[in-house]
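Worksheet: one structure, shown below.
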Amino acid sequence: MRRGGVGIGGDQNLTRSLLILLNTASLLSLLLCAATVILWTRSYRVTRDARSPDSFDFTHAQPLYWVISNPGRLTFCRQEGRDWNSPRPRFNVLGLELAGSVVGDSSLWNLFVPYWMLTCLTLALPLTAMIAWLRRRARHRRETKGLCPGCGYDLRATPHRCPECGEAPDAHLIGPT
Ligand SMILES: [Zn+2]
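To convert a position in the sequence shown, counted from 1, into the working numbering, add 4.
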């Protein structure tokens, strides 16, 4: 059996694949964020214009799972049976609230997630990816200008190692000395 080694090309492909995966995930997360903000602004219409709230049923048989948009928060629901009371709050952290009722075989669970929390969660990945991209770009710019990629110190006199922060720039950008 032939065993293929993964060389530098393989590592570069892996880095590229990871970057594509990260960018795709960031884009999806950004779309989710946009959808969240739209639902968030729409959620207040329920009280203002007496409209029925946005909702979506995941299942049509027991147990029932659905999501419903309430003013300022999205509610994930799970219901089994019909013999439940008004759900009792179990915990509430920063508006993230779980409430439930269990009566015999019947149960009803509501998880309330504030829209601001969903917005922050869905924005975290795209924001991280954008900051990483800006940093890569700044680094690359400094390197091509002969400056230290880490701190921006002029490396014309010492191209192999920065005397300020000790960083060694990429060898291919230094050129023959
Ligand atoms: Zn430096």
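By construction, the Cβ of each residue, glycine as well, lies at the ideal position given by its N, Cα and C atoms.
To the nearest angstrom, how far is the alpha carbon of residue i from that of residue j?
| i | j | result |
| --- | --- | --- |
| residue 95 | residue 103 | 7 Å |
| residue 116 | residue 133 | 28 Å |
| residue 150 | residue 142 | 13 Å |
| residue 50 | residue 56 | 6 Å |
| residue 39 | residue 155 | 39 Å |
| residue 111 | residue 15 | 51 Å |
| residue 139 | residue 128 | 16 Å |
| residue 19 | residue 136 | 14 Å |
| residue 46 | residue 76 | 9 Å |
| residue 9 | residue 146 | For residue 9, the predicted model reports a pLDDT of 47, less than 50, meaning its position is unreliable and no value from the coordinates is stated. |
| residue 65 | residue 93 | 26 Å |
| residue 125 | residue 70 | 21 Å |
| residue 42 | residue 97 | 24 Å |
Count the other CB atoms, across all protein chains shown, that sit within 10 Å of the CB of residue i; report buried if there are 16 or more and exposed otherwise.
| i | result |
| --- | --- |
| residue 67 | exposed |
| residue 52 | exposed |
| residue 100 | exposed |
| residue 21 | exposed |
| residue 122 | buried |
| residue 162 | exposed |
| residue 152 | buried |
| residue 167 | exposed |
| residue 73 | buried |
| residue 17 | exposed |
| residue 48 | exposed |
Is residue i near ligand 1 - that is, is its Cβ less than 8 Å away from at least one heavy atom of it?
| i | result |
| --- | --- |
| residue 147 | no |
| residue 171 | yes |
| residue 99 | no |
| residue 152 | yes |
| residue 156 | yes |
| residue 166 | yes |
Select from the options the residue whose C-alpha is nearest the C-alpha of residue i.
| i | options | result |
| --- | --- | --- |
| residue 60 | 50, 81, 49 | 81 |
| residue 63 | 164, 57, 83, 159 | 83 |
| residue 108 | 34, 88, 71, 58 | 88 |
| residue 36 | 92, 69, 130, 25 | 130 |
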